[in-house]
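Asks:
Protein chains in written order, with the UniProt record's numbering: chain Y, 1 to 304; chain Z, 1 to 420.
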């Protein structure tokens, strides 16, 4: 890692920056929490948290906003990782929000719980009085995210106001809040998809098996391969077939698409990503295809 | 592979978005779905060419108004380096965004339209870049295709800018004639300008030496967080007390004698810990945890340095301040919260010496206040000592932010010029 001319590799710089951000939050906020879904970005974020406070345990709980439409392999992984760390996991359930009448389930062929997550998340932040919430979002993911701060201020309605963001200079972050407001913190802001994979390889981090090539029953919709599952309404024009696929992102099972791939190892995934010409959200997220500003609109409402 | 962070300044007319689009496209950082989305939008609007500025102008308001309103961060990599672009809008209202983008930049690219030459805004961008001490500056003289790739025109601009830059204490300065639209001298050397012997822009970005830009001389370790494992099952950890932080200057090694501020007590570094095991040295920008040989009462906001090389413990600061809000003004008696390294205190503005015209560098000593996007020299009194260096010596221990105590907004950025 260290060379005599004090050059620092990109992963070391990104890790040092993320560790610094996490320690700032732990030092300056009363009640932080870290969003952990079992997806690769949150797995990397959790590893960085482990490093930031070692040899002490991570000084905040983890939270998963659970749509109920999960890949079982991911939930199994999530629970195992939480147990290994001896961490506390809060599961905020979209089903509970539906049962409580906070949100209404969408219906029809394109029904998804993706948008409903926002209410569940905001309610959980309020109920637990969280003042800082770590998310694994990266700026290279999407153009609205490209302009979001590392410390992203949210008012008492959880809203993001892109035109009124706090300037962020050097490594100085403004953590001041009034009661009821919170900050979303994105320690991986400057990482790219490839950085995430390089880091997973370098650190030998375990990830859920659905990221690697496997045979799955899928059907095609809007040029994406969606897994056949109990929560999705398929049309007769959408026949199921077997395909060798893997997931580039892990989200709600009803709107996360798989890509055809034979990549069975982290090395092969890195090779594949280095050569790919489509972004991970463009390839695999129906939720971002709704409109040009789909992500911006959801973020304004309080989405991750 | 290391990281180069660079800021770009210029208006839409200078071809800044086209240049960024070309760098991203030629380095394969633009993906097909992004390009398709941009092509679709360009078509919907009746634009004849693919408007690459749509790649960076991500927010709805920006698309509607055709302007960039905030710093956008973009990423690309070549086999040699990873690049982080802080893309800042060029118009005057957004001085605060440029200051923000430049604060972490290793290099800044200022675009000049070869037909128009050095404009008022080019001078403003150059001034802000040097004020923020961006170590490397590239003047990209764009649209060379529109001046027949004229060497004479390029030299004219170079001379004009050089004479202006000499007033600024400008750092490493490089001039590159380009055509972002045609790709001349962007990624590879152009055959249209055989008279130009320098590097292409990308080659320069890949090779400019930045490792020595960090301060590796003055040991500065602002204590960020104290690590005390409280429910550790390992009895060896019961007495563990580590001081976590990101090195802001110098090289630390186990066994080094160090001084703790504010106490002034000396001790030695027992070990430099990380999750991956102890390390033999720590330097910027590493985040590490120090253990010390003696038990000293140390908390967040304190500083660890070397006995014969200490920062100023200052309560009176002289600084250049950029004001970043239109909701209030900075003037004598303004009270603010100041955040400097890991220490937060309250600050009182004692005096505004002058307001600087960022276009002419004229000092207006009669100015009574600073408004949005204005820069001036300010005296501050702080409620507790801050451990500071001149910003010119260390950007991390010389920079601070000012926070409005009523709104909690970040309203100012300061660069220390003199401390006592």
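In this text, a Cβ means the ideal position worked out from N, Cα and C, and glycines have one as well. On a predicted model such as this, the values are computed, not experimentally measured, just so you know.
Interface residues of chain Y around residue 422 of chain Z at Cβ under 8 Å?
Replies: Outside the displayed range of chain Z (1 to 420) lies residue 422 of chain Z, so it cannot be described from this structure.
Asks: Pair every Cβ in the segment 116-125 of chain Y with every Cβ in the segment 164-171 of chain Y, then say whether three or more of these pairs are closer than 8 Å.
Replies: No, they do not touch.
Asks: Note the first and the last residue of the continuous alpha helix (DSSP H) segment covering residue 150 of chain Z.
Replies: Translated into the one-based positions of the second chain, residue 150 of chain Z becomes position 150. Per DSSP, residue 150 of chain Z belongs to no alpha helix (DSSP H) and is neither H nor E.
Asks: Looking only at its own chain, which residues have a Cβ that is under 8 Å from the Cβ of residue 103 of chain Z, when we skip the five neighbours before and after it?
Replies: Here residue 103 of chain Z is taken as the residue at index 103 of the second chain, counted from 1. Around residue 103 of chain Z: 132, 395, 399, 413.
Asks: Based on Cα-Cα distance, which residue from Y:194, Y:156, Y:160 lies nearest to residue 177 of chain Y?
Replies: Translated into the one-based positions of the first chain, residue 177 of chain Y becomes position 177. With distances taken between Cα atoms, residue 177 of chain Y lies closest to Y:156.
Asks: Which residues, in order along the segment 402-415 of chain Z, keep a beta-carbon less than 7 Å from a beta-carbon of chain Y?
Replies: Listed in sequence order: 403, 408, 409, 410, 413.
Asks: Below 9 Å on C-beta distance, what does residue 40 of chain Y contact in chain Z?
Replies: Numbered from its first residue, the first chain carries residue 40 of chain Y at position 40. Correct list: empty, because the minimum Cβ distance to chain Z is about 17 Å.
Asks: Under 9 Å between beta-carbons, which chain Z residues line up against residue 10 of chain Y? List them in chain order, please.
Replies: Here residue 10 of chain Y refers to the residue found at position 10 when the first chain is read from its first residue. The contacting residues are 1, 2, 3, 77, 81, 82.
Asks: By the criterion of Cβ-Cβ separation under 9 Å, what are the contact partners of residue 240 of chain Z in chain Y?
Replies: As a working note, residue 240 of chain Z is residue 240 in the second chain. Per Cβ cutoff of 9 Å: 55, 56.
Asks: Can you find a CB in chain Z that lies within less than 8 Å of the CB of residue 182 of chain Y?
Replies: Sequence index remark: in the first chain, residue 182 of chain Y carries index 182 (1-based). Chain Z contact via Cβ: absent.
Asks: Starting from residue 211 of chain Z, find everything on chain Y with Cβ-Cβ shorter than 7 Å and list it in chain order.
Replies: By 1-based counting over the second chain, the position of residue 211 of chain Z is 211. By Cβ distance, chain Y contributes 5, 6, 7.
Asks: DSSP on residue 182 of chain Y, reduced to helix/strand/coil?
Replies: Counted from its first residue, the first chain places residue 182 of chain Y at position 182. Correct three-state label for residue 182 of chain Y: strand.
Asks: Quick check: the segment 137-156 of chain Y against the segment 380-388 of chain Z, are at least 3 beta-carbon pairs closer than 8 Å?
Replies: No: fewer than three Cβ pairs fall under 8 Å.
Asks: Rounded to a whole number of angstroms, what is the C-alpha to C-alpha distance between residue 210 of chain Z and residue 233 of chain Z?
Replies: Along the second chain, read from residue 1 onward, the residue named residue 210 of chain Z stands at position 210. Along the second chain, read from residue 1 onward, the residue named residue 233 of chain Z stands at position 233. Those two C-alpha atoms are separated by around 44 Å.
Asks: Would you call residue 204 of chain Y buried or exposed, if buried means 16 or more other Cβ atoms sit within 10 Å of its Cβ?
Replies: Counting from 1 along the first chain, the entry for residue 204 of chain Y is found at position 204. It is exposed - the Cβ of residue 204 of chain Y has fewer than 16 other Cβ atoms within 10 Å.
Asks: Using the three-state DSSP reduction, which class does residue 487 of chain Z fall into: helix, strand or coil?
Replies: Since the first and last residues shown for chain Z are 1 and 420, residue 487 of chain Z lies out of range.
Asks: What is the DSSP secondary structure of residue 118 of chain Z, counted as helix, strand or coil?
Replies: To locate residue 118 of chain Z, count along the second chain from 1; it is residue 118. DSSP places residue 118 of chain Z in coil when its eight states are reduced to three.
Asks: Could you give the distance in angstroms between the alpha-carbon of residue 343 of chain Z and the alpha-carbon of residue 330 of chain Z?
Replies: Here residue 343 of chain Z corresponds to residue number 343 of the second chain, with the count starting at 1. Here residue 330 of chain Z corresponds to residue number 330 of the second chain, with the count starting at 1. C-alpha separation (whole angstroms): 22 Å.
Asks: Taking 8 Å as the CB-CB cut-off, is residue 140 of chain Y touching chain Z?
Replies: Along the first chain, read from residue 1 onward, the residue named residue 140 of chain Y stands at position 140. Output row for residue 140 of chain Y: interface = yes.
Asks: For residue 62 of chain Y, return the contacting residues in chain A, with the cut-off set at a CB-CB distance below 7 Å.
Replies: Absent from the structure is chain A; the protein chains it does hold are Y and Z.
Asks: Looking only at its own chain, which residues have a Cβ that is under 8 Å from the Cβ of residue 194 of chain Y, when we skip the five neighbours before and after it?
Replies: As a working mapping, residue 194 of chain Y is identified with position 194 in the first chain. Only 270, 273, 274 meet the Cβ criterion.
Asks: Tell whether a beta-carbon distance below 8 Å holds between residue 51 of chain Y and residue 19 of chain Y.
Replies: Working through the first chain from its first residue, we reach residue 51 of chain Y at position 51. Working through the first chain from its first residue, we reach residue 19 of chain Y at position 19. A contact, by the Cβ cut-off of 8 Å.
Asks: Please go through the segment 23-77 of chain Y and give each complete alpha helix (DSSP H) segment of 4 or more residues, from N-terminal end onward.
Replies: Fully enclosed alpha helix (DSSP H) runs of 4 or longer: 40-53.
Asks: Find the nearest neighbour of residue 333 of chain Z within the set Z:352, Z:345, Z:322, Z:324, judged by alpha-carbon distance.
Replies: In the second chain, counting from the first residue as 1, residue 333 of chain Z sits at position 333. Taking only the C-alpha atoms, the option nearest residue 333 of chain Z is Z:352.
Asks: Can you check whether the CB of residue 194 of chain Z is closer than 8 Å to the CB of residue 144 of chain Z?
Replies: Walking along the second chain from the start, residue 144 of chain Z turns up at place 144. Walking along the second chain from the start, residue 194 of chain Z turns up at place 194. For residue 144 of chain Z and residue 194 of chain Z, no; Cβs fall outside 8 Å.
Asks: Taking just the CA atoms, how far does residue 7 of chain Z sit from residue 373 of chain Z?
Replies: Working through the second chain from its first residue, we reach residue 373 of chain Z at position 373. Working through the second chain from its first residue, we reach residue 7 of chain Z at position 7. Roughly 18 Å between the two C-alpha positions.
Asks: My output table needs one value for residue 289 of chain Z: the three-state DSSP class, helix, strand or coil.
Replies: As a position in the second chain, residue 289 of chain Z is number 289, starting the count at 1. Three-state result, residue 289 of chain Z: strand.
Asks: Could you work out which residue in Y:221, Y:23, Y:132, Y:298 is closest to residue 183 of chain Y when comparing CA atoms only?
Replies: The sequence position of residue 183 of chain Y within the first chain is 183, counting from 1. For residue 183 of chain Y, the nearest C-alpha among the options comes from Y:132.
Asks: On the DSSP bridge list, what partners appear for residue 309 of chain Z?
Replies: The residue labelled residue 309 of chain Z in the question sits at position 309 within the second chain. Answer is Z:306, bridged to residue 309 of chain Z.
Asks: Hey, quick one: how far does the alpha helix (DSSP H) through residue 94 of chain Z stretch, first residue to last?
Replies: Position 94 of the second chain, counted from the first residue, corresponds to residue 94 of chain Z. No alpha helix (DSSP H) holds residue 94 of chain Z; DSSP gives it neither H nor E.
Asks: For residue 338 of chain Z and residue 391 of chain Z, what's the separation of their Cα atoms in angstroms?
Replies: Counting from 1 along the second chain, the entry for residue 338 of chain Z is found at position 338. Counting from 1 along the second chain, the entry for residue 391 of chain Z is found at position 391. Looking at the two C-alpha atoms, the distance is approximately 16 Å.
Asks: What does the alpha-carbon distance come out to for the pair residue 1 of chain Z and residue 81 of chain Z?
Replies: For the purposes of this step, residue 1 of chain Z is taken as residue 1 along the second chain, with counting starting at 1. For the purposes of this step, residue 81 of chain Z is taken as residue 81 along the second chain, with counting starting at 1. Each residue's alpha carbon lies about 5 Å from the other.
Asks: Let me make sure I understand the geometry here. Which of Y:94, Y:187, Y:259 has the alpha-carbon closest to that of residue 215 of chain Y?
Replies: For the purposes of this step, residue 215 of chain Y is taken as the residue at position 215 of the first chain. Out of Y:94, Y:187, Y:259, Y:259 has the C-alpha closest to the C-alpha of residue 215 of chain Y.
Asks: List, in chain order, every chain Z residue whose beta-carbon is nearer than 7 Å to that of residue 177 of chain Y.
Replies: In the first chain, the residue the question calls residue 177 of chain Y occupies position 177. Chain Z residues near residue 177 of chain Y: 408.
Asks: Between residue 49 of chain Y and chain Z, is the shortest Cβ-Cβ distance under 8 Å, so that the two count as touching?
Replies: The sequence position of residue 49 of chain Y within the first chain is 49, counting from 1. Answer no: the Cβ-Cβ gap between residue 49 of chain Y and chain Z never drops below 8 Å.
Asks: First and last residue of the beta strand (DSSP E) that includes residue 397 of chain Z?
Replies: Along the second chain, one-based indexing puts residue 397 of chain Z at 397. No beta strand (DSSP E) contains residue 397 of chain Z, which is instead part of the alpha helix (DSSP H) from 395-398.
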